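Student:
There are 2 protein chains.
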Amino acid sequence: MTFSFSVGDRLADSVDGAQGRTGVISTPHGDIATPAFVPVGTKATVKAVLPETMSDLGSQALLANAYHLYLQPGSDIVDEAGGLGAFMNWPGPTFTDSGGFQVLSLGAGFRKVLAMDTTGRKSDDVIAEGKERLAHIDDEGVTFKSHLDGSKHRFTPEVSMRIQHQLGADIIFAFDECTTLMNTRDYQERSVDRTQAWAARCVAEHELLTAARADKPYQALFGVVQGAQYEDLRRQSARGLVELGFDGFGIGGALDKELLGTIVGWVCEELPEDKPRHLLGIGEPDDLFAGVESGADTFDCVSPSRVARSSRVYTYDGQRNLAVAASRRSFAPIDEECDCYTCTHYTEAYLHHLFKAKEYNAGTLVTIHNERFIVRLVDRIRASISDGTYAELKAEFLGRYYASRA
Amino acid sequence: MTFSFSVGDRLADSVDGAQGRTGVISTPHGDIATPAFVPVGTKATVKAVLPETMSDLGSQALLANAYHLYLQPGSDIVDEAGGLGAFMNWPGPTFTDSGGFQVLSLGAGFRKVLAMDTTGRKSDDVIAEGKERLAHIDDEGVTFKSHLDGSKHRFTPEVSMRIQHQLGADIIFAFDECTTLMNTRDYQERSVDRTQAWAARCVAEHELLTAARADKPYQALFGVVQGAQYEDLRRQSARGLVELGFDGFGIGGALDKELLGTIVGWVCEELPEDKPRHLLGIGEPDDLFAGVESGADTFDCVSPSRVARSSRVYTYDGQRNLAVAASRRSFAPIDEECDCYTCTHYTEAYLHHLFKAKEYNAGTLVTIHNERFIVRLVDRIRASISDGTYAELKAEFLGRYYASRA
Chain G
1268 MTFSFSVGDR
1278 LADSVDGAQG
1288 RTGVISTPHG
1298 DIATPAFVPV
1308 GTKATVKAVL
1318 PETMSDLGSQ
1328 ALLANAYHLY
1338 LQPGSDIVDE
1348 AGGLGAFMNW
1358 PGPTFTDSGG
1368 FQVLSLGAGF
1378 RKVLAMDTTG
1388 RKSDDVIAEG
1398 KERLAHIDDE
1408 GVTFKSHLDG
1418 SKHRFTPEVS
1428 MRIQHQLGAD
1438 IIFAFDECTT
1448 LMNTRDYQER
1458 SVDRTQAWAA
1468 RCVAEHELLT
1478 AARADKPYQA
1488 LFGVVQGAQY
1498 EDLRRQSARG
1508 LVELGFDGFG
1518 IGGALDKELL
1528 GTIVGWVCEE
1538 LPEDKPRHLL
1548 GIGEPDDLFA
1558 GVESGADTFD
1568 CVSPSRVARS
1578 SRVYTYDGQR
1588 NLAVAASRRS
1598 FAPIDEECDC
1608 YTCTHYTEAY
1618 LHHLFKAKEY
1628 NAGTLVTIHN
1638 ERFIVRLVDR
1648 IRASISDGTY
1658 AELKAEFLGR
1668 YYASRA
Chain Z
1268 MTFSFSVGDR
1278 LADSVDGAQG
1288 RTGVISTPHG
1298 DIATPAFVPV
1308 GTKATVKAVL
1318 PETMSDLGSQ
1328 ALLANAYHLY
1338 LQPGSDIVDE
1348 AGGLGAFMNW
1358 PGPTFTDSGG
1368 FQVLSLGAGF
1378 RKVLAMDTTG
1388 RKSDDVIAEG
1398 KERLAHIDDE
1408 GVTFKSHLDG
1418 SKHRFTPEVS
1428 MRIQHQLGAD
1438 IIFAFDECTT
1448 LMNTRDYQER
1458 SVDRTQAWAA
1468 RCVAEHELLT
1478 AARADKPYQA
1488 LFGVVQGAQY
1498 EDLRRQSARG
1508 LVELGFDGFG
1518 IGGALDKELL
1528 GTIVGWVCEE
1538 LPEDKPRHLL
1548 GIGEPDDLFA
1558 GVESGADTFD
1568 CVSPSRVARS
1578 SRVYTYDGQR
1588 NLAVAASRRS
1598 FAPIDEECDC
1608 YTCTHYTEAY
1618 LHHLFKAKEY
1628 NAGTLVTIHN
1638 ERFIVRLVDR
1648 IRASISDGTY
1658 AELKAEFLGR
1668 YYASRA
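Going down the list, the sequences are from chains G and Z. This note's numbering numbers the first residue of the first sequence as 1268 and each following residue consecutively. This note's numbering numbers the first residue of the second sequence as 1268 and each following residue consecutively.
(1) What residue from Leu1621(Z), His1636(Z) and Leu1665(Z) has the CA that sits closest to Phe1354(G)'s CA?
(2) Assign Leu1488(Z) to buried or exposed, taking buried as 16 or more other Cβ atoms, counted over all protein chains shown, within 10 Å of its Cβ.
(3) List the residues of chain Z that Gly1595(G) touches, going by C-beta distances under 8 Å, in chain order.
(4) For Asp1298(Z), which three-state DSSP category applies?
(5) Pull up the DSSP beta-bridge partners for Pro1306(Z), would you.
(6) Give the straight-line distance between the Cα atoms of Cys1607(G) and Arg1288(Z), rounded to the nearest whole angstrom.
(7) Helix, strand or coil: which one does DSSP assign to Tyr1608(Z)?
(8) Would you say Glu1347(Z) faces chain G, with C-beta separation under 9 Å as the test?
(9) Tell me, please, whether the CB atom of His1612(Z) is closer than 9 Å to any CB atom in chain G?
(10) For the segment 1572 to 1606 of chain G, enumerate the residues whose C-beta is nearer than 8 Å to any C-beta of chain Z, in chain order.
(11) Out of Tyr1669(Z), Gly1630(Z), Gly1341(Z) and Leu1522(Z), which one is the CA nearest neighbour of Ala1495(Z)?
(12) Taking Cβ positions only, does Asn1637(G) come closer than 9 Å to chain Z?
(13) List, in order along the chain, the chain G residues whose C-beta lies closer than 9 Å to that of Gly1325(Z)?
(14) Show which residues of chain Z have a CB atom less than 9 Å away from the CB atom of Gly1630(G).
(15) Going along the chain, which residues of the segment 1350 to 1367 of chain G sit with their C-beta nearer than 8 Å to a C-beta in chain Z?
(16) Excluding sequence positions up to five away, which residues of its chain have a Cβ less than 7 Å from the Cβ of Glu1432(G)?
(17) Between the segment 1533 to 1549 of chain Z and the segment 1562 to 1578 of chain Z, do three or more beta carbon pairs fall short of 8 Å?
(18) Would you call the segment 1581 to 1598 of chain Z and the segment 1654 to 1671 of chain Z touching, i.e. three or more CB-CB distances under 8 Å?
(19) Using 8 Å for Cβ pairs, my map puts Ala1331(Z) next to Thr1309(Z). What's the rounded Cβ distance?
(20) Could you check if Ile1452(G) is buried or exposed, using at least 16 other CB atoms within 10 Å of its CB as the buried criterion?
(21) If you draw a straight line from the C-alpha of Arg1506(G) to the C-alpha of Gly1275(G), how long is it?
(22) Counting only the same chain and skipping the five closest in sequence on each side, list residues whose C-beta sits under 7 Å from that of Ala1593(Z).
(23) Under 9 Å, do Gly1435(Z) and Gly1352(Z) count as touching if we go by C-beta distance?
(24) Give the range of the beta strand (DSSP E) segment to which Tyr1581(G) is assigned.
(25) Scan the segment 1395 to 1453 of chain G and note each continuous beta strand (DSSP E) run of 3 residues or more that stays entirely inside, going in chain order.
(26) Can you tell which of Glu1444(Z), Ile1438(Z) and Leu1415(Z) has its C-alpha closest to the C-alpha of Asp1406(Z)?
(27) Under three-state DSSP, which class holds Arg1378(Z)?
(28) Are any of the Cβ atoms in chain Z nearer than 9 Å to that of Ala1333(G)?
(29) Verify whether the separation of the beta carbon atoms of Glu1498(G) and Trp1533(G) is less than 9 Å.
(30) Between Val1345(G) and the rest of its own chain, which residues show a CB-CB distance below 8 Å, the 5 nearest in sequence each way excluded?
(31) Can you say whether Arg1461(G) is buried or exposed, counting buried as having 16 or more other CB atoms within 10 angstroms of its CB?
(32) By the three-class DSSP mapping on this structure, what secondary structure does Ser1365(G) have?
(33) Applying the criterion that 16 or more other CB atoms from any shown protein chain within 10 Å of the CB defines a buried residue, is Val1591(Z) buried or exposed?
(34) I need the straight-line Cα distance from Ser1258(Z) to Glu1347(Z), nearest angstrom please.
(35) Is there a Cβ of chain Z sitting closer than 9 Å to that of Phe1619(G), yes or no?
(36) For Ile1292(G), name the three-state secondary structure that DSSP assigns.
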């Protein structure tokens, strides 16, 4: 087994409730210095950016998605290609998300269900009892329709494990039920129990597959803590997963932004110190600070890439849109303080032109900037934990970043 | 003046009617070893590929378009940015096409005019007399509507020169009338006279602008030979332009594929040996061989990039489409003999997946392959002229490339 995690420095006690730490995750495809931001390449490619460029901008690992790759090209094809990293020309560490979130959120129907929720109808009834027969969840698994062609599929904990073994990422996640903040307390209780039962089935299937595929690099399995905004459920979920002996943990599900640090804090108090913790789908600057100081080690988020393609950029003074007239004659970089390839080679006026001209390289260049911005921020957070300047970095960075909202 | 051209080796006499040669074009932004293929970055960007990547794949120069850049972002903005090369982060030599072709082909209405032509109606009547008032040509210039927003604009030889001086490419082209093979002989005669008159106006305006902008790098002006498929008109056009003292020559307009080598041959017989000749808009393998041996030195074409984005690739055994089922499990490169970044790092199965998933990097990776394929082909043609193996290269390459059609 070539997976391990070692804790390095700890966040100074002066930060309230601090559980933050630095560390190193070792995988068969290399190490990840933590805290680390892991850019997302959902379909085995970071949209519009080549893998060498992702490496150049400081990405230590990439995260792809089991649901998307199962549907296209098929996890068997990725397996035949030598696994996710070989398939996508990324020699470093890889993660795959289990597909639990996507089968419910992208499987045909979920968005309709959410839309109905806004009328006050409980989504529990629709999702849990499957009245709409669009994304139907039961204690065995989830039946859903492909968002690509409407074809019917079924994911179970065992299926997700088989898919993720075929994909072959270094770090894979247990198949969980991802609830929303609109579900009832009663439903959240039942869901946490279901996620726990599924976690046990994932561990069992993972052990079988690991033995059967002993010629492949070891894949670390992370359990995913659910429980929404409820402290008792989050702690119960974490404790239950710890007993199953996972290699690490994901923190998933509904995370009210106001409570994000608090929830991560509850969970990390229950998790063993010597296992890495991944906060799923989180990547805004304030959330990264909150996550790190509450004990999370790694993060993934599509935001840097997604907002880039809609011409929005991160800067040290907040987010801006480059498709506005003010950018037309700005012959300076997006951000003078940024060290990315885009800021050191192109003006804002050029990027504005590329967006107006609907050119592919608009998305490429701004994604490079945004991913570098977030990766570098977490790199700076990591360094600040080691040299004892975390509190200063946080105050200075967030003060400036959010000043424009004041 | 820092523009020059020197002829190197000449094509062996054993090739019928051979006028082919190697050479070096020297510009303020570097040299171009000829024959050379010049990839197109119409809007100051090669679609989906970054400039360093274009350099890595062997591109010695890039060609952008005056019409497109005039409309967006505006040639004044490119000028303020330090010129085309600085704007697009391409330190090497640059060309701009005059916009003569685009104002007629992309200006609102031309496609409708062409559609009418297929009914047998003479396009002369429509284009020349401007009955449709969509793209109206007269002896002074062309009035057209933007293909972007329908706004009305007017290009004259003087306007084209001013735009191209603001864009600041190393090699710029005189504003010409680009006719079609469907125009009448009578119309072609009048058009050649008009292009000649416009060429003289371009030279005069170019001299004024060169003097007025003496702080800028010298821009070489190429006259564009027209005359469609008529030998007397082509020779007349070439002789007329030679008298105007251009730095080099473009060969443009309607080129029947069967007659391409013949037409280029007529023109090059009239052109001085010591000036470079650019064949506009040509880039298919057989056309490149025909062009080189008939005396053309440089070539540009959007094809490698355009066909790439529709999932078609060049290979040594002809063109193929990667979006077909046969590519799904092909874990080999597009072409084992290709040395490009894509072929040395990715399988056809991965590229197939990217096209199916509608991912940006599909276009990026296949454009890299196709541009490398054509750039390398012309590099091999250049080497074969020097070492006396041109005839063998042509026979072997074209024999294999077109075998699939047999």
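Don't be surprised by glycine CBs; every beta carbon is placed ideally from N, CA and C. Values in this document were obtained by computation on a predicted structure and should not be read as measured data.
Tutor: According to the structure shown:
(1) Of the listed residues, the one whose Cα sits closest to Phe1354(G) is Leu1621(Z).
(2) buried
(3) For clarity, residue 1595(G) is Arg in the given sequence; the question names Gly instead. By Cβ distance, chain Z contributes Pro1340 and Ile1344.
(4) strand
(5) Note: Pro1306(Z) sits in a beta bridge opposite Cys1568(Z).
(6) 43 Å
(7) Tyr1608(Z): helix per DSSP, three-state reduction.
(8) yes
(9) yes
(10) Arg1595, Arg1596 and Phe1598
(11) Leu1522(Z)
(12) no
(13) Within 9 Å Cβ-Cβ: nothing; Gly1325(Z) doesn't reach chain G, min ~18 Å.
(14) Tyr1627
(15) Cβ contacts with chain Z: Phe1354, Met1355 and Asn1356.
(16) This sequence places His at residue 1432(G); Glu is not what is there. Excluding residues within five positions, the ones whose Cβ falls inside 7 Å are Leu1476, Arg1480 and Gln1486.
(17) yes
(18) yes
(19) 6 Å
(20) It should be pointed out that residue 1452(G) corresponds to Arg in this sequence rather than to Ile. With fewer than 16 Cβ atoms within 10 Å of its Cβ, Arg1452(G) is classed as exposed.
(21) Spanning the two alpha carbons is a distance of roughly 24 Å.
(22) none
(23) yes
(24) Arg1579 to Thr1582
(25) 1402 to 1404, 1409 to 1412, 1419 to 1422 and 1438 to 1440
(26) Glu1444(Z)
(27) Confidence at Arg1378(Z) is low in this model, with a pLDDT of 43, below 50, so its placement is unreliable and no value can be given for it.
(28) Taking Cβ atoms only, chain Z never reaches closer than 9 Å to Ala1333(G), which makes this a no.
(29) yes
(30) Ala1311, Leu1336, Leu1351, Phe1354, Gln1433, Leu1434 and Gly1435
(31) buried
(32) Annotated three-state conformation of Ser1365(G) is coil, per DSSP.
(33) exposed
(34) Here chain Z has residues from 1268 to 1673 only, and residue 1258(Z) is not among them.
(35) Reading off the sequence, residue 1619(G) comes out as His, not Phe. Among the CB atoms of chain Z, one or more fall inside 9 Å of the CB of His1619(G).
(36) strand
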